[in-house]
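Colleague: Pasting in a structure now, in structure tokens, and then I'll have a few things to ask.
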Amino acid sequence: MKKLRTEKIVYLGECDSQGIVNYPNYFTWFDRNCQKLFSSVGLPLHKMFKEYDIDGVPIVEATSKFKAPARSDDVVKIETWVNQWNGKIFIVEHRLIKDGDVVIEGREVRAWVVRDLSRPSGIRAAQVPEEVIARFTD
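Residues in the sequence shown are numbered consecutively from 12, following my numbering.
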């Protein structure tokens, strides 16, 4: 399984008045890391959407466990990987690490969607191609 590891400095503008990261920022960082993960295996999202004729890989569920805060000026590491492929959906896991400790765990359930104008939403989930999945295995 391919795992992406990035490092980030927490900026004051990402924090509340107490200097603690506002929780929506974690989800932004996780989403960015997911995009970087796909790029790291040769599948930048904008190109992948065209190549596989899909409308996207939207998040259908997102959860986090907050164990300790990250604060302004902290240097944190973010680990991101696809933990599971389930036909039309896949599960992306994230860990935010500060001073060697996991302080936040995140999880995204994403769907592989194609355009389907016969549906009210205009999209439907479709099978993730095996060649995409293969790029994430070591």
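Glycine included, every Cβ here is placed at the ideal spot set by N, Cα and C.
Computed from a predicted structure; not experimentally measured.
Starting from glutamine 95, trace the beta strand (DSSP E) in both directions and tell me its first and last residue.
Modeller: Looking at the DSSP string, the run of the beta strand (DSSP E) that includes glutamine 95 is 86–97.
Colleague: Would you kindly report the start and end of the unbroken alpha helix (DSSP H) that includes aspartate 64?
Modeller: Premise fails: aspartate 64 is in no alpha helix (DSSP H) and is neither H nor E.
Colleague: Among Trp123, Glu25, Ser50, Leu23, whose alpha-carbon lies nearest the alpha-carbon of lysine 13?
Modeller: Taking only the C-alpha atoms, the option nearest lysine 13 is Ser50.
Colleague: How is the beta strand (DSSP E) around leucine 15 delimited, first residue to last?
Modeller: Per DSSP, leucine 15 belongs to the beta strand (DSSP E) from 14–20.
Colleague: Look at the alpha carbon of tyrosine 37 and the alpha carbon of alanine 136, and state the distance between them as a whole number of angstroms.
Modeller: Distance between the alpha carbons of tyrosine 37 and alanine 136 is about 26 Å.
Colleague: DSSP on aspartate 42, reduced to helix/strand/coil?
Modeller: Looking at aspartate 42 - three-state DSSP - the assignment turns out to be helix.
Colleague: Does the segment 65–74 come close enough to the segment 17–27 to have 3 or more Cβ pairs within less than 8 Å?
Modeller: These segments do not touch.
Colleague: If I measure Cβ to Cβ from glutamine 95 and keep anything under 8 Å in the same chain, skipping five residues before and after, which residues do I get?
Modeller: Phe101, Ile102, listed in sequence order.
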